[in-house]
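J.: Let me give you the structure first, and then I'll get to my questions.
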Amino acid sequence: MTQPGALDADPQDEESSGPAPVRRGSFIARVLTARGDELVADLLAVVGLGIAFSGAPAWLPLVFGALALALGLAVARRRPDAAGTFVVSRILVVFLAVAVMGAEGEGRWIPAVLLALLITGEATCASVSRGAIPFAAHLPGVEPRNAGWFPVDYLYFINLAASVAFIVLGLAGFPAWGLVILVLVAAVPSAISFLDGILRIRARRGAESNLTRTLRAYEPVFAVHWDAPEGTDYQLAMWLPFLERLGEKFFVIVRNEESFPDVVRLTTAPVLLRKELADMDAVVVPTLRAAFYVNNAVRNSHFVRYPQLKHVQLNHGDSDKAPSYNPVFRMFDKDFVAGQAAIDRFAAHGVDAPPQLFEIVGRPQVADVEVAASAGKVQAVKTVLYAPTWAGFHIDSAYSSLPIGVAIVEALIARGCDVVYRPHPYTGRTKGLEAESARIKELLAKDAEASGRNHVLGERAEQAMSLVDCFNASDALISDVSSVVPDFLYSEKPFAVCAMLGSLDAFVEGFPIARGGYTIAADGSNLDAVLDDLLGDDPLRPARHSLKTYFLGDIPPERYVDVFLDAARRMLRQPPVI
Numbered sequence: 001m002t003q004p005g006a007l008d009a010d011p012q013d014e015e016s017s018g019p020a021p022v023r024r025g026s027f028i029a030r031v032l033t034a035r036g037d038e039l040v041a042d043l044l045a046v047v048g049l050g051i052a053f054s055g056a057p058a059w060l061p062l063v064f065g066a067l068a069l070a071l072g073l074a075v076a077r078r079r080p081d082a083a084g085t086f087v088v089s090r091i092l093v094v095f096l097a098v099a100v101m102g103a104e105g106e107g108r109w110i111p112a113v114l115l116a117l118l119i120t121g122e123a124t125c126a127s128v129s130r131g132a133i134p135f136a137a138h139l140p141g142v143e144p145r146n147a148g149w150f151p152v153d154y155l156y157f158i159n160l161a162a163s164v165a166f167i168v169l170g171l172a173g174f175p176a177w178g179l180v181i182l183v184l185v186a187a188v189p190s191a192i193s194f195l196d197g198i199l200r201i202r203a204r205r206g207a208e209s210n211l212t213r214t215l216r217a218y219e220p221v222f223a224v225h226w227d228a229p230e231g232t233d234y235q236l237a238m239w240l241p242f243l244e245r246l247g248e249k250f251f252v253i254v255r256n257e258e259s260f261p262d263v264v265r266l267t268t269a270p271v272l273l274r275k276e277l278a279d280m281d282a283v284v285v286p287t288l289r290a291a292f293y294v295n296n297a298v299r300n301s302h303f304v305r306y307p308q309l310k311h312v313q314l315n316h317g318d319s320d321k322a323p324s325y326n327p328v329f330r331m332f333d334k335d336f337v338a339g340q341a342a343i344d345r346f347a348a349h350g351v352d353a354p355p356q357l358f359e360i361v362g363r364p365q366v367a368d369v370e371v372a373a374s375a376g377k378v379q380a381v382k383t384v385l386y387a388p389t390w391a392g393f394h395i396d397s398a399y400s401s402l403p404i405g406v407a408i409v410e411a412l413i414a415r416g417c418d419v420v421y422r423p424h425p426y427t428g429r430t431k432g433l434e435a436e437s438a439r440i441k442e443l444l445a446k447d448a449e450a451s452g453r454n455h456v457l458g459e460r461a462e463q464a465m466s467l468v469d470c471f472n473a474s475d476a477l478i479s480d481v482s483s484v485v486p487d488f489l490y491s492e493k494p495f496a497v498c499a500m501l502g503s504l505d506a507f508v509e510g511f512p513i514a515r516g517g518y519t520i521a522a523d524g525s526n527l528d529a530v531l532d533d534l535l536g537d538d539p540l541r542p543a544r545h546s547l548k549t550y551f552l553g554d555i556p557p558e559r560y561v562d563v564f565l566d567a568a569r570r571m572l573r574q575p576p577v578i
């Protein structure tokens with residue numbers, strides 16, 4: 001069963017295998033990025049402390065202190081690295097509170113200093129905890145604890161609560177010894193976090209020293225190398241079920257700490273976190289024969305450099321986008337492609353690649369896609385899948401049709417269609433497209449309520465259903481330049497592609513898969529004519545059948561998965577290099 005989201009692949013997304021590009025954004029966003037929020041909080045605390053020593057009414061410095069703490073809390077709640085931030089402002093607010101207490105607060109300087117030391121040590125605890133990075137999961141003989149007993153960022157909120165309690169109790173006349181006990185109790189989580197981090201670091205170092213010996217005992221035949229940020233595990237998810245069917249021992253190398261938990265949930269095979277180039281040597285054991293890759297991340301080269309292994313690029317989808325003919329493919333021993341179209345794409349764009357680099361294996365992920373039962377059958381009500389892509393990282397890859405998405409959906413509703421709406425998972429990265437997507441969801445929800453149509457959207461379409469489920473539930477597709485279209489092509493059902501860049505003629509010439517479908521202009525001016533063909537007689541059905549072979553391989557349905565498995569096993573048959 002294909003996992004939800006597993007086919008939301010897009011070769012362009014391989015550029016997401018590193019940090020997301022920094023966009024300039026608003027002035028406020030730049031201030032937050034530069035920690036200007038901490039500067040503002042520090043200034044508020046300094047002003048409050050000055051007022052406290054000036055003899056002003058007691059409530060005035062407390063207001064400034066409260067504002068400083070409130071600002072820190074508001075920012076910390078949205079921040080993944082809260083521990084160790086706003087240290088200066090929090091300490092100053094504690095001190096200004098003691099100053100407000102006047103002569104009665106003299107004995108409270110001792111617990112105040114202890115609390116300041118606790119807040120100062122927060123950054124050290126965070127550094128130790130974050131330094132105790134995960135090591136491995138599911139590796140026989142190795143059972144390290146990959147996460148702390150609790151998130152280290154809890155320390156910020158615990159110490160903030162202790163500071164507020166200190167101020168309130170101190171102003172209420174609570175004795176100094178009671179405040180000392182308060183601080184000592186508040187220090188327990190910090191001590192636990194620090195000790196826990198030290199123990200995990202020691203355990204990791206011990207496991208690291210035995211890693212090669214452990215892997216030799218495990219006797220893996222191949223590895224899967226994956227370098228991508230958190231939230232892109234679909235790249236790996238689409239291939240793991242098939243790699244597991246090879247019946248050989250393997251392990252997954254994860255290069256990003258944030259992605260590690262995602263992969264651990266995807267497989268029962270060993271998962272190793274190897275962040276640095278120097279970490280690679282220890283995992284190359286004599287039984288290892290091949291390595292598979294699912295994107296074109298820059299750090300793939302860290303593992304491709306081992307010549308004793310066969311290096312196979314699987315990619316995570318096929319489309320006519322530029323990353324699908326990236327010259328970097330040439331560094332692998334084999335590039336497994338879905339069909340001849342992927343090979344011709346290189347030559348068509350002037351990228352010289354030797355024929356022996358490629359092997360056509362089809363797209364095993366689409367084996368469960370249902371093929372249209374009969375040609376030219378017109379249904380009373382069509383169910384149309386609308387699956388727009390995202391904005392991309394660059395202007396020349398801005399293929400998303402969401403700017404005309406509302407018009408598309410309105411036209412489908414006007415023709416009595418049920419709509420399955422499944423936007424790309426990265427749609428929310430662009431505010432404008434996110435807003436258009438929200439408008440479409442609102443439109444479909446209102447129409448479903450008013451007309452009783454069975455529109456599918458939101459969590460049901462994007463999470464509960466896989467993309468294959470969406471294909472099988474639909475009679476036609478409207479999408480953009482992405483791997484969704486070649487995958488849908490397997491069904492031989494009609495589809496339309498939105499030409500958001502350039503003229504219609506140039507679009508069809510530059511994106512060959514458009515020859516099997518209907519092309520919607522960027523301004524939507526030909527939308528009605530396209531829908532007449534898409535939902536009507538579908539004159540391009542014969543062309544689509546031959547195009548399916550060109551893009552997805554001339555492979556009998558009953559052997560569609562086996563072709564990939566056989567090709568992968570051939571890569572594993574080379575004798576191990578000792």
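Oh and the sequence shown: position 180 is 180 in my numbering, straight run, nothing missing. The beta-carbon is built from N, C-alpha and C at its ideal position, and this holds for glycine as well.
(1) Using the Cα positions of V406 and Y234, report the straight-line distance between them to the nearest angstrom.
(2) State the Cα-Cα distance for the pair F53 and A99, rounded to the nearest angstrom.
(3) Check this for me: beta carbons of A41 and F86, under 8 Å apart or not?
(4) Look at the alpha carbon of G428 and the alpha carbon of S400, and state the distance between them as a whole number of angstroms.
(5) Thinking C-alpha only, which one of L501, D528, H424, A74 is nearest E459?
(6) Return the chain-ordered list of same chain residues with a C-beta closer than 7 Å to the C-beta of N159, the five sequence neighbours on each side being excluded.
(7) Does DSSP classify A375 as helix, strand or coil?
(8) Going by DSSP, which residues form a beta bridge with Y550?
(9) On the three-state DSSP scale, how would you describe A348?
(10) For E248 and W226, I'd like the C-alpha separation in whole angstroms.
(11) Which value, in whole angstroms, describes the spacing of the CA atoms of L527 and E244?
(12) Taking the alpha-carbon positions, what's the P494 to S301 distance?
(13) When burial is assigned at 16 or more other CB atoms within 10 Å of the CB, is S503 buried or exposed?
(14) Where does Q585 fall in DSSP's three states?
(15) Within its chain, find whatever has a CB closer than 7 Å to the CB of A347; leave out the 5 residues flanking it on each side and keep chain order.
(16) Any idea which residues DSSP pairs Q313 with across the strands?
(17) Where do the ends of the beta strand (DSSP E) carrying L477 lie?
(18) Output needed for E434: all residues of its chain with C-beta closer than 8 Å, excluding positions within five of it in sequence on either side, in chain order.
(19) Is it right to say L195 is buried, meaning 16 or more other beta carbons lie within 10 angstroms of its own, or is it exposed?
(20) The beta strand (DSSP E) spanning H225 covers which residue range?
(21) Using DSSP with H/G/I as helix, E/B as strand and the rest coil, what is G417?
(22) Where does Y154 sit, in a helix, a strand or coil, going by DSSP?
(23) With DSSP run on the structure shown, which of helix, strand or coil describes R205?
(24) Below 6 Å CB to CB, which residues in the same chain sit around D37 once its five sequence neighbours on both sides are set aside?
(25) DSSP three-state label for V183, please.
(26) Which one of M238, L277, V284 has the shortest CA to CA distance from N267?
(27) In terms of alpha-carbon separation, which member of V468, D333, P355 lies closest to I343?
(28) Going by beta carbon distance, what residues of the same chain come within less than 6 Å of V561, once the five residues before and after it are set aside?
(29) Just the C-alpha distance for D352 and A514, rounded to the nearest angstrom, thanks.
(30) Would you list the residues sitting across from A137 in a DSSP beta bridge?
(31) Mapping DSSP to helix, strand and coil, what is A666?
(32) Pick helix, strand or coil for A473, following the three-state DSSP scheme.
(33) I need the DSSP call for E359, collapsed to helix, strand or coil.
(34) Which residues bound the beta strand (DSSP E) around F585?
(35) With a cut-off of 8 Å on the beta carbons, I'd call G350 and Y550 a contact; round off their distance for me.
(36) Taking A228 as the reference, which of T287, N315, A162 has the closest Cα?
T.: In terms of the structure at hand:
(1) 28 Å
(2) 7 Å
(3) yes
(4) 12 Å
(5) H424
(6) L118, I119, E122, A186
(7) Legend: pLDDT at A375 = 49, less than 50; position of this residue unreliable, value from coordinates given subsequently. Note: A375 maps to coil in three-state DSSP.
(8) According to DSSP, which records beta bridges pairwise, Y550 is partnered with nothing at all.
(9) helix
(10) 19 Å
(11) 44 Å
(12) 40 Å
(13) exposed
(14) There is no way to answer for residue 585, as the model of the chain reaches only from 1 to 578.
(15) none
(16) Y293, D335
(17) 476-479
(18) T427, G428
(19) exposed
(20) 222-226
(21) Correcting the residue type first, residue 417 is Cys in the shown sequence and not Gly. In this structure, C417 counts as coil in the three-state DSSP scheme.
(22) helix
(23) helix
(24) V75
(25) helix
(26) The residue you asked about is not Asn; residue 267 is Thr in the sequence shown. Checking every option, the nearest Cα to that of T267 belongs to M238.
(27) P355
(28) P364, A367
(29) 24 Å
(30) V271
(31) No answer is possible for residue 666: it lies beyond the span of the chain, which begins at 1 and ends at 578.
(32) coil
(33) strand
(34) Any answer about residue 585 is impossible in this case: the structure gives the chain only from 1 up to 578.
(35) The Cβ separation is near 20 Å, so there is no contact.
(36) N315
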